[in-house]
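One structure is given here, and the rest of the page talks about it.
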Amino acid sequence: MSPRPSDPASTGHDLGWTPIAEEAVRAASVLHPKEGTLPRPIRRRVLTVANQKGGVGKTTSAVNLAAALAVHGLKTLVIDLDPQGNASTALDIDHRSGTPSIYEVLIGEVTIAEAAAVSEQSSNLFCVPATIDLAGAEIELVSMANRETRLKEALSSEILDQIGVDYVFIDCPPSLGLLTVNAMVAAQEVLIPIQCEYYALEGLGQLLSNIELVQQHLNRELRVSTILLTMYDGRTKLADQVTNEVRNHFGDTVLKTVIPRSVKVSEAPGYGQTVLSYDPGSRGAMSYLDAAKEIAERGATEGRSSTA
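Going letter by letter, the sequence shown gives residues 891 to 1198 in the numbering used here.
Here it is, written out as structure tokens:
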């Protein structure tokens, strides 16, 4: 009996499919996964996605990982803490001035639950947007009480329980200012995207030093749990050299999955989408899905060991 198209053991090559047919099947598997494909964490995970070096795929990774987890049944919240609002744009969330946003959350006017909007890309995907008002927030925060802990206070268990989220991804601005400090104080984990190109590690030492300072003075739970290699171009020796160097230095902290350089990944935000909805059968979409699986599986295992 010939394998059916739905048989996971069969391949497009076995069935004589065209490349377009293979991509359609991959897309269907991303958009309509089987229930229970990704494990829930033992406890809610709050990850800050940070790298002060711009252009490394920070926001792209935050929204696509969040979308991948959400599509597979895990409730996920993205906090857009970057005044540019790129995460809000990619998730097609209204972030015009006057919209309830992370700015109003930080100054205490609204709660996270009141500011969170559901993305049309998945009913499990929420976003607290960033508006232009956030651009002046760091100046305002300087004179406020508890200026480093305002986001942590806003992300209380009681508030997050109202939404019922399993994962929170905080997309930081490409700087090491007060907004980024708030993100690190509010999180348990830091996820660092690193571009597979020359100067990829530039500034990484300063970021790690700042994380260590936050650990010592403001958040002892904080740790660098995940490093994600992005923009990998297999045609260049340099990409392999950077990959090997990062893996040798950071070991198992680095995900096995590498995100390839992809036109589709770059195009998606311009259409108010993640790559998972823009082109779900693409290499970029499948890579982010694989990375999300690694994160979910690691979290479930680490959660069990830490609570044993």
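Note that beta-carbon positions come from the ideal geometry of N, C-alpha and C, so glycine has one too. Keep in mind it's a predicted model, so treat the numbers as computed, not measured.
HIS903, buried or exposed, once every other Cβ within 10 Å from all chains shown has been counted against 16: For HIS903, the predicted model reports a pLDDT of 49, less than 50, meaning its position is unreliable; a value from the coordinates is still stated below. Exposed: under 16 other Cβ atoms inside 10 Å.
Whole-angstrom C-beta distance between ALA940 and LEU967, which should lie under 8 Å: Rounded, the Cβ-Cβ distance is 17 Å, inconsistent with contact.
Within 8 Å, strictly: CB atoms of PRO929 and ALA1158: Contact flag unset, no.
Collapsed DSSP secondary structure at GLU925 in the structure displayed: For GLU925, the predicted structure reports a pLDDT of 48, less than 50, and the residue's modelled location is therefore unreliable. A value from the coordinates is still provided. Three-state DSSP puts GLU925 in coil, outside helix and strand.
8 Å Cβ cutoff met for GLN974 and GLY1093: Not a contact, by the Cβ cut-off of 8 Å.
Buried versus exposed, by CB contacts within 10 Å (16 or more), ASP1123: Exposed, by the Cβ-count rule.
Nearest-angstrom Cα separation, counted from LYS1183 out to GLY1067: Cα-Cα distance, rounded: 31 Å.
Residues near ARG1037 in its chain [Cβ-Cβ closer than 7 Å; skip 5 each side]: The residues are LEU1031, LEU1068.
Beta-carbon contacts of PRO1150 that lie in its chain and below 8 Å, excluding the five residues immediately before and after: Around PRO1150: MET1121, TYR1122, ASP1123, GLY1124, ARG1173, GLY1174, SER1177.
Residue range of the unbroken alpha helix (DSSP H) whose run includes VAL1136: VAL1136: member of the alpha helix (DSSP H) spanning 1127-1140, first to last residue.
For THR950, the first and last residue of its enclosing alpha helix (DSSP H): Taken as a continuous stretch (DSSP letters only), the alpha helix (DSSP H) holding THR950 covers 948-961.
When LEU1045, ALA957, VAL1104 are compared against VAL1008, the one with the closest alpha-carbon: Comparing Cα positions, the closest option is ALA957.
For SER1099, the first and last residue of its enclosing alpha helix (DSSP H): Taken as a continuous stretch (DSSP letters only), the alpha helix (DSSP H) holding SER1099 covers 1094-1107.
GLU1135 versus GLN1052 - alpha carbon distance: Taking the straight line from one Cα to the other gives about 43 Å.
Stretch-stretch touch, CB-based, cutoff 8 Å, three pairs: the segment 1158-1168 with the segment 971-989: Judged by Cβ distances under 8 Å, the segment 1158-1168 makes contact with the segment 971-989, as three or more pairs qualify.
Nearest to ASP1130 (by Cα), restricted to the options VAL1153, CYS1086, SER1156: With distances taken between Cα atoms, ASP1130 lies closest to CYS1086.
Burial state of VAL1153 (16 or more Cβ within 10 Å): Its Cβ having fewer than 16 others within 10 Å, VAL1153 is exposed.
Rounded distance between the beta-carbons of LEU1041 and ALA1076, thought under 8 Å: Right, their Cβ atoms sit about 4 Å apart.
C-beta atoms of THR1021 and THR989 nearer than 8 Å: In this structure, THR989 lies closer than 8 Å to THR1021 by Cβ.
Cutoff 8 Å; reference VAL1018; Cβ partners in own chain excluding five residues on either side: Taken in chain order, the residues that qualify are LEU967, VAL968, ILE969, ASP970, SER991, ILE992, VAL995, ILE1002, ALA1005, ALA1006, ALA1007.
Beta-carbon contacts of TYR1088 that lie in its chain and below 7 Å, excluding the five residues immediately before and after: Apart from the 5 residues on each side of it in sequence, TYR1088 sits with its Cβ closer than 7 Å to the Cβ of LEU1128 in its chain, given in chain order.
Bridge partners - ILE1082, DSSP secondary structure assignment: Paired residues: ILE1117.
Distance between ASP1023 and GLU999 (C-alpha atoms, nearest Å): Approximately 13 Å between the Cα atoms of the pair.
Contained alpha helix (DSSP H) runs [length at least 4] in the segment 986-1051, N- to C-terminal order: The qualifying runs are 992-996, 1002-1005, 1027-1032, 1040-1044.
Through-space distance from PRO1064 to ALA1210, alpha-carbon basis: Any property of residue 1210 remains undetermined from this structure, which presents the chain solely from 891 to 1198.
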